[in-house]
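In my numbering, the protein residues as written are 193 to 494.
Below is one structure, written out as C-alpha coordinates; comments come after it.
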Amino acid sequence: MNDHTNKNRASAVIIYLLKRWSLVFLLIFTLITGVDAASALLGSGSTGGSVLFRLVFAAVASVIVNIVISLFIAPRMNKKYRIFRGLVMRIAEDGYSETLIDEMEKELTSCLADKEHNRLYISQYAMFLGEAYISLHRYDEAEEKLNMADMEYMERAAENKADLNAQQNMIMLHVLLIQLCSARKDVGQTEKWLSSGEKYFSRMRGKNDWVNYFIDTAYFESLLVHGQYENAMKLLEKYDNVKPISFGITLDKARCSKLMGNTDKAAEFFDTAYKLAANNWRRKTVELERDSHTDINESEKS
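Shown next, in the form of C-alpha coordinates:
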(Lines of atoms letter the chains of each structure in order from A and count residues from 1; the text may use other names and numbers.)
(Lines give C-alpha, C1' and ligand atoms only; values in the text may rest on other atoms or scores of the structure.)
Protein backbone atom coordinates (compact mmCIF):
# COMPACT_ATOMS: atom_id res chain seq x y z
CA MET A 1 0.00 0.00 0.00
CA ASN A 2 1.57 3.29 -1.10
CA ASP A 3 1.57 6.68 0.62
CA HIS A 4 -0.99 8.11 -1.82
CA THR A 5 -3.49 5.38 -0.94
CA ASN A 6 -2.91 5.92 2.79
CA LYS A 7 -3.49 9.67 2.43
CA ASN A 8 -6.71 9.11 0.48
CA ARG A 9 -7.95 6.69 3.10
CA ALA A 10 -7.09 9.07 5.94
CA SER A 11 -8.88 11.91 4.13
CA ALA A 12 -11.95 9.76 3.60
CA VAL A 13 -12.05 8.85 7.30
CA ILE A 14 -11.72 12.49 8.36
CA ILE A 15 -14.50 13.57 5.97
CA TYR A 16 -16.75 10.76 7.24
CA LEU A 17 -16.17 11.76 10.88
CA LEU A 18 -16.83 15.42 10.11
CA LYS A 19 -20.09 14.54 8.39
CA ARG A 20 -21.23 12.50 11.37
CA TRP A 21 -20.22 15.25 13.79
CA SER A 22 -22.03 17.88 11.69
CA LEU A 23 -25.23 15.85 11.53
CA VAL A 24 -25.38 15.29 15.28
CA PHE A 25 -24.37 18.90 15.91
CA LEU A 26 -27.26 20.19 13.79
CA LEU A 27 -29.73 17.86 15.50
CA ILE A 28 -28.65 18.93 19.00
CA PHE A 29 -28.49 22.63 18.13
CA THR A 30 -31.92 22.47 16.50
CA LEU A 31 -33.37 20.65 19.49
CA ILE A 32 -31.96 23.16 21.99
CA THR A 33 -33.13 26.09 19.88
CA GLY A 34 -36.60 24.54 19.56
CA VAL A 35 -36.87 24.01 23.30
CA ASP A 36 -35.66 27.57 23.86
CA ALA A 37 -38.26 28.95 21.45
CA ALA A 38 -41.05 26.89 23.01
CA SER A 39 -40.07 28.07 26.47
CA ALA A 40 -40.14 31.69 25.29
CA LEU A 41 -43.60 31.25 23.76
CA LEU A 42 -44.92 29.71 26.94
CA GLY A 43 -43.47 32.58 28.89
CA SER A 44 -41.65 30.34 31.31
CA GLY A 45 -38.64 32.63 31.31
CA SER A 46 -36.31 29.62 31.04
CA THR A 47 -34.16 29.52 27.92
CA GLY A 48 -31.32 27.45 26.56
CA GLY A 49 -28.92 30.37 26.85
CA SER A 50 -27.33 32.56 24.21
CA VAL A 51 -26.67 31.48 20.66
CA LEU A 52 -22.97 31.14 21.48
CA PHE A 53 -23.75 28.89 24.43
CA ARG A 54 -25.99 26.69 22.29
CA LEU A 55 -23.32 26.43 19.61
CA VAL A 56 -20.61 25.41 22.09
CA PHE A 57 -22.92 23.00 23.92
CA ALA A 58 -24.04 21.35 20.66
CA ALA A 59 -20.43 21.07 19.43
CA VAL A 60 -19.21 19.35 22.60
CA ALA A 61 -22.31 17.17 22.95
CA SER A 62 -21.93 16.03 19.32
CA VAL A 63 -18.45 14.68 20.06
CA ILE A 64 -19.69 12.81 23.15
CA VAL A 65 -22.75 11.39 21.39
CA ASN A 66 -20.67 10.17 18.44
CA ILE A 67 -18.19 8.45 20.74
CA VAL A 68 -21.00 6.71 22.66
CA ILE A 69 -22.68 5.61 19.43
CA SER A 70 -19.42 4.32 17.95
CA LEU A 71 -18.25 2.41 21.03
CA PHE A 72 -21.45 1.13 22.61
CA ILE A 73 -24.49 1.38 20.34
CA ALA A 74 -23.42 0.78 16.74
CA PRO A 75 -21.47 -2.45 17.44
CA ARG A 76 -24.44 -4.01 19.21
CA MET A 77 -26.72 -3.16 16.29
CA ASN A 78 -24.28 -4.81 13.89
CA LYS A 79 -25.32 -8.33 12.92
CA LYS A 80 -21.75 -9.56 12.55
CA TYR A 81 -20.92 -8.24 16.02
CA ARG A 82 -23.90 -10.07 17.55
CA ILE A 83 -22.96 -13.32 15.85
CA PHE A 84 -19.31 -13.01 16.83
CA ARG A 85 -20.12 -12.14 20.43
CA GLY A 86 -22.53 -15.08 20.64
CA LEU A 87 -19.88 -17.51 19.38
CA VAL A 88 -17.25 -16.17 21.78
CA MET A 89 -19.67 -16.48 24.70
CA ARG A 90 -20.28 -20.12 23.74
CA ILE A 91 -16.53 -20.74 23.69
CA ALA A 92 -16.21 -19.18 27.16
CA GLU A 93 -19.01 -21.32 28.56
CA ASP A 94 -18.63 -24.65 26.77
CA GLY A 95 -15.31 -24.54 24.96
CA TYR A 96 -14.97 -25.36 21.29
CA SER A 97 -16.89 -28.08 19.49
CA GLU A 98 -16.91 -29.34 15.91
CA THR A 99 -20.29 -27.64 15.40
CA LEU A 100 -19.00 -24.32 16.71
CA ILE A 101 -15.83 -24.59 14.62
CA ASP A 102 -17.97 -25.15 11.51
CA GLU A 103 -20.05 -22.07 12.38
CA MET A 104 -16.93 -19.97 12.82
CA GLU A 105 -15.55 -21.23 9.50
CA LYS A 106 -18.77 -20.13 7.78
CA GLU A 107 -18.66 -16.70 9.41
CA LEU A 108 -15.01 -16.31 8.42
CA THR A 109 -15.89 -17.17 4.82
CA SER A 110 -18.70 -14.60 4.94
CA CYS A 111 -16.34 -11.92 6.26
CA LEU A 112 -13.76 -12.71 3.59
CA ALA A 113 -16.30 -11.69 0.95
CA ASP A 114 -15.81 -8.09 2.10
CA LYS A 115 -12.29 -7.97 3.51
CA GLU A 116 -12.04 -4.19 3.61
CA HIS A 117 -14.92 -3.78 6.07
CA ASN A 118 -14.34 -6.95 8.09
CA ARG A 119 -10.61 -6.88 8.77
CA LEU A 120 -10.94 -7.12 12.54
CA TYR A 121 -13.56 -9.89 12.40
CA ILE A 122 -11.40 -11.86 9.96
CA SER A 123 -8.41 -11.59 12.30
CA GLN A 124 -10.44 -12.56 15.36
CA TYR A 125 -12.10 -15.54 13.71
CA ALA A 126 -8.69 -16.59 12.37
CA MET A 127 -7.19 -16.49 15.87
CA PHE A 128 -10.00 -18.42 17.54
CA LEU A 129 -9.96 -21.05 14.81
CA GLY A 130 -6.18 -21.20 15.05
CA GLU A 131 -6.48 -21.82 18.77
CA ALA A 132 -9.02 -24.59 18.20
CA TYR A 133 -6.87 -26.35 15.59
CA ILE A 134 -3.75 -26.09 17.76
CA SER A 135 -5.71 -27.79 20.56
CA LEU A 136 -6.66 -30.54 18.09
CA HIS A 137 -3.01 -30.86 16.94
CA ARG A 138 -4.14 -29.95 13.42
CA TYR A 139 -1.18 -27.67 12.92
CA ASP A 140 -1.40 -27.13 9.16
CA GLU A 141 -4.97 -25.85 9.53
CA ALA A 142 -3.93 -23.71 12.48
CA GLU A 143 -1.15 -22.15 10.42
CA GLU A 144 -3.54 -21.47 7.54
CA LYS A 145 -5.93 -19.62 9.85
CA LEU A 146 -3.30 -17.64 11.73
CA ASN A 147 -1.85 -16.48 8.42
CA MET A 148 -5.24 -14.86 7.70
CA ALA A 149 -4.91 -12.55 10.68
CA ASP A 150 -4.11 -9.02 9.50
CA MET A 151 -0.98 -8.34 11.54
CA GLU A 152 -0.44 -4.90 9.98
CA TYR A 153 -3.99 -3.78 10.76
CA MET A 154 -3.76 -5.06 14.33
CA GLU A 155 -0.36 -3.44 14.87
CA ARG A 156 -1.72 -0.04 13.84
CA ALA A 157 -4.62 -0.40 16.26
CA ALA A 158 -2.21 -1.39 19.05
CA GLU A 159 -0.20 1.80 18.54
CA ASN A 160 -2.84 3.33 20.81
CA LYS A 161 -1.55 1.93 24.10
CA ALA A 162 -4.80 2.88 25.83
CA ASP A 163 -6.74 0.49 23.59
CA LEU A 164 -6.61 -2.63 25.75
CA ASN A 165 -8.57 -4.74 23.26
CA ALA A 166 -5.97 -4.01 20.59
CA GLN A 167 -3.15 -4.97 22.99
CA GLN A 168 -4.94 -8.20 23.90
CA ASN A 169 -5.45 -9.08 20.23
CA MET A 170 -1.73 -8.70 19.57
CA ILE A 171 -0.88 -10.77 22.63
CA MET A 172 -3.29 -13.51 21.58
CA LEU A 173 -1.90 -13.67 18.05
CA HIS A 174 1.71 -13.84 19.26
CA VAL A 175 0.97 -16.49 21.90
CA LEU A 176 -0.82 -18.66 19.33
CA LEU A 177 2.03 -18.33 16.85
CA ILE A 178 4.49 -19.25 19.60
CA GLN A 179 2.39 -22.28 20.61
CA LEU A 180 2.23 -23.42 17.00
CA CYS A 181 5.98 -23.05 16.43
CA SER A 182 6.77 -24.71 19.75
CA ALA A 183 4.51 -27.66 18.92
CA ARG A 184 6.45 -28.05 15.68
CA LYS A 185 9.73 -27.78 17.59
CA ASP A 186 10.75 -24.81 15.47
CA VAL A 187 13.14 -22.99 17.79
CA GLY A 188 13.91 -20.14 15.41
CA GLN A 189 10.31 -19.19 14.72
CA THR A 190 9.38 -19.59 18.39
CA GLU A 191 12.04 -17.09 19.38
CA LYS A 192 11.11 -14.76 16.51
CA TRP A 193 7.52 -14.43 17.68
CA LEU A 194 8.52 -14.27 21.34
CA SER A 195 10.80 -11.33 20.59
CA SER A 196 8.14 -9.66 18.46
CA GLY A 197 5.49 -10.02 21.16
CA GLU A 198 7.49 -8.77 24.12
CA LYS A 199 6.57 -5.11 23.68
CA TYR A 200 2.88 -6.06 23.88
CA PHE A 201 3.50 -8.42 26.79
CA SER A 202 5.19 -5.63 28.75
CA ARG A 203 2.24 -3.30 28.22
CA MET A 204 -0.27 -5.73 29.74
CA ARG A 205 1.89 -7.50 32.32
CA GLY A 206 0.41 -7.11 35.80
CA LYS A 207 -3.20 -6.43 34.76
CA ASN A 208 -4.41 -9.62 36.45
CA ASP A 209 -3.39 -13.25 37.02
CA TRP A 210 -5.13 -14.49 33.88
CA VAL A 211 -3.30 -12.01 31.65
CA ASN A 212 0.01 -12.77 33.37
CA TYR A 213 -0.48 -16.50 32.85
CA PHE A 214 -1.46 -16.04 29.21
CA ILE A 215 1.71 -14.00 28.65
CA ASP A 216 3.82 -16.53 30.54
CA THR A 217 2.40 -19.24 28.28
CA ALA A 218 4.63 -17.77 25.58
CA TYR A 219 7.74 -18.07 27.77
CA PHE A 220 6.66 -21.54 28.91
CA GLU A 221 6.48 -22.72 25.29
CA SER A 222 9.89 -21.18 24.60
CA LEU A 223 11.39 -23.07 27.54
CA LEU A 224 9.82 -26.32 26.31
CA VAL A 225 11.18 -25.97 22.80
CA HIS A 226 14.65 -25.37 24.29
CA GLY A 227 14.33 -28.45 26.51
CA GLN A 228 14.47 -26.39 29.72
CA TYR A 229 11.75 -28.41 31.42
CA GLU A 230 12.70 -27.70 35.02
CA ASN A 231 12.62 -23.94 34.41
CA ALA A 232 9.32 -24.34 32.62
CA MET A 233 7.88 -26.14 35.65
CA LYS A 234 9.16 -23.40 37.98
CA LEU A 235 7.45 -20.79 35.82
CA LEU A 236 4.13 -22.55 36.33
CA GLU A 237 4.54 -23.00 40.08
CA LYS A 238 3.96 -19.32 40.82
CA TYR A 239 0.36 -19.83 39.74
CA ASP A 240 -0.30 -22.82 42.02
CA ASN A 241 -2.72 -20.87 44.20
CA VAL A 242 -4.63 -19.15 41.39
CA LYS A 243 -7.73 -21.35 41.17
CA PRO A 244 -9.41 -19.78 38.07
CA ILE A 245 -6.52 -20.95 35.88
CA SER A 246 -5.81 -24.22 37.67
CA PHE A 247 -6.92 -26.30 34.67
CA GLY A 248 -4.44 -24.69 32.29
CA ILE A 249 -1.63 -24.82 34.83
CA THR A 250 -2.25 -28.49 35.61
CA LEU A 251 -2.40 -29.46 31.94
CA ASP A 252 0.83 -27.60 31.22
CA LYS A 253 2.48 -29.36 34.16
CA ALA A 254 1.32 -32.67 32.71
CA ARG A 255 2.82 -31.82 29.32
CA CYS A 256 6.08 -30.74 30.91
CA SER A 257 6.33 -33.82 33.12
CA LYS A 258 5.69 -36.02 30.10
CA LEU A 259 8.53 -34.36 28.18
CA MET A 260 10.80 -34.81 31.22
CA GLY A 261 10.10 -38.53 31.09
CA ASN A 262 8.32 -38.55 34.46
CA THR A 263 5.41 -40.71 33.34
CA ASP A 264 3.91 -41.27 36.79
CA LYS A 265 3.82 -37.56 37.61
CA ALA A 266 2.51 -36.76 34.15
CA ALA A 267 -0.32 -39.30 34.58
CA GLU A 268 -1.20 -37.74 37.93
CA PHE A 269 -1.37 -34.25 36.42
CA PHE A 270 -3.39 -35.48 33.43
CA ASP A 271 -5.90 -37.15 35.75
CA THR A 272 -6.22 -33.98 37.82
CA ALA A 273 -6.63 -31.82 34.72
CA TYR A 274 -9.36 -34.14 33.47
CA LYS A 275 -11.24 -33.71 36.76
CA LEU A 276 -10.81 -29.93 36.60
CA ALA A 277 -12.07 -29.74 33.02
CA ALA A 278 -15.27 -27.70 32.95
CA ASN A 279 -16.54 -28.98 29.59
CA ASN A 280 -16.16 -31.76 27.04
CA TRP A 281 -13.74 -29.75 24.92
CA ARG A 282 -11.28 -29.45 27.78
CA ARG A 283 -11.60 -33.13 28.55
CA LYS A 284 -10.91 -33.87 24.88
CA THR A 285 -7.85 -31.62 25.04
CA VAL A 286 -6.52 -33.53 28.04
CA GLU A 287 -6.89 -36.85 26.25
CA LEU A 288 -5.22 -35.52 23.11
CA GLU A 289 -2.24 -34.29 25.11
CA ARG A 290 -2.09 -37.50 27.12
CA ASP A 291 -2.04 -39.63 23.97
CA SER A 292 0.08 -37.35 21.80
CA HIS A 293 3.55 -38.26 20.56
CA THR A 294 6.47 -36.06 21.51
CA ASP A 295 7.72 -36.28 17.92
CA ILE A 296 5.93 -33.56 15.98
CA ASN A 297 6.17 -35.45 12.71
CA GLU A 298 4.36 -38.42 14.18
CA SER A 299 1.82 -36.12 15.81
CA GLU A 300 0.89 -34.44 12.55
CA LYS A 301 0.47 -37.80 10.80
CA SER A 302 -1.94 -39.10 13.38
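Note that CB positions come from ideal geometry on N, CA and C, so glycine has one too.
Contact between the segment 246-258 and the segment 221-230 is present: three or more C-beta pairs spanning the two stretches fall below 8 Å.
By the Cβ-count criterion, residue 455 is exposed, with fewer than 16 other Cβ atoms from all chains shown falling within 10 Å of its own Cβ. Annotated as distal: residue 392 and residue 437, with beta-carbon spacing of 8 Å or more. Per DSSP, residue 434 lies in no alpha helix (DSSP H) and is assigned neither H nor E. Inclusion of residue 304 and residue 293 in the CB contact set at 8 Å is not warranted, their separation being larger than that value. For the options 324, 316, 257, the alpha carbon positioned closest to that of residue 277 is the one of 316. Taking residue 287 as reference, the option from 465, 476, 480, 481 with the minimal CA-CA separation is 476. In the assembly as shown, residue 447 is a buried residue. Its beta-carbon has 16 or more other beta-carbons within 10 Å. Annotation: residue 426 to residue 338 spans about 30 Å, alpha carbon to alpha carbon. Around the CB of residue 256, fewer than 16 other CB atoms lie within 10 Å, so the residue is classed as exposed.
Between the alpha carbons of residue 363 and residue 443 lies a gap of roughly 21 Å. Around the beta carbon of residue 483, fewer than 16 other beta carbons lie within 10 angstroms, which makes this residue exposed. The three-state secondary structure of residue 341, taken from DSSP, is coil.
In this chain, residue 397 is not harboured by any alpha helix (DSSP H), its DSSP state being neither H nor E. C-alpha of residue 388 to C-alpha of residue 242: approximately 55 Å in a straight line. Scanning its chain for C-beta atoms nearer than 7 Å, with the 5 sequence neighbours on each side dropped, one finds around residue 341 the residues 315, 318, 319, 365, in chain order. Rounded to whole angstroms, the Cβ separation of residue 465 and residue 478 is 5 Å, and the two are in contact under 8 Å.
Relative to the Cα of residue 360, the nearest Cα in the group 370, 336, 459, 396 belongs to 396. Residue burial is scored here from C-beta neighbours: residue 355 has fewer than 16 other C-beta atoms within 10 angstroms and is therefore classed as exposed.
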